[in-house]
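If you count by UniProt numbering, then the sequence shown holds residues 1 to 83, one letter each, in order. Every residue gets a Cβ at the ideal spot worked out from N, C-alpha and C, and that includes glycine. Notes follow once the structure below has been shown.
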Amino acid sequence: MSRAERLLQDFRACQGPFPYKELLRLLGNLGYSDKTANGGSGRKFVHDKTKHIIRFHEPHPDKEIKLYLVRQIRDTLEEQGLI
């Protein structure tokens, strides 16, 4: 199993906080690019082919995203047919 497959498996099975850096890697693997325009903690990721947008705030001071956000992103990726 590749690292990308393992990361996706971990994300789909996640039932608690998920490391922010791992989420960035996962979104990149799925074809999303960070299109954040300015400073601040707001983040915008756009899918390279479909132009689908995912927006959320970078967690701070923690470096893990909370479960509610994991669920929202997971549901969005499932709706887009990416996972």
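Give me, in chain order, the residues of the same chain whose beta-carbon lies closer than 8 Å to that of residue i; leave out the 5 immediate sequence neighbours on both sides.
i, result
"GLN9", "MET1"
Going straight from the alpha carbon of residue i to that of residue j, what length do you get?
i, j, result
"LEU77", "ILE83", "6 Å"
"residue 88", "LEU67", "There is simply no residue 88 to check, as the chain begins at 1 and stops at 83 in what is shown."
"VAL46", "GLY81", "15 Å"
"GLU5", "ARG12", "11 Å"
Please name the residue or residues paired with residue i in a DSSP beta bridge.
i, result
"PRO59", "None; PRO59 has no bridge partner."
"PHE45", "ASP34, ILE54"
"GLU64", "PRO19"
Answer yes or no: the CB of residue i versus the heavy atoms of the ligand ADP, is any distance below 7 Å?
i, result
"LEU8", "Questions concerning the ligand ADP fall outside what the structure shown contains, since it holds no ligand whatsoever."
So what's residue i in DSSP terms, helix, strand or just coil?
i, result
"ILE73", "helix"
"LEU7", "helix"
Once the 5 residues before and after residue i are set aside, which same chain residues still bring their CB inside 7 Å of it?
i, result
"ASP34", "ARG43, PHE45"
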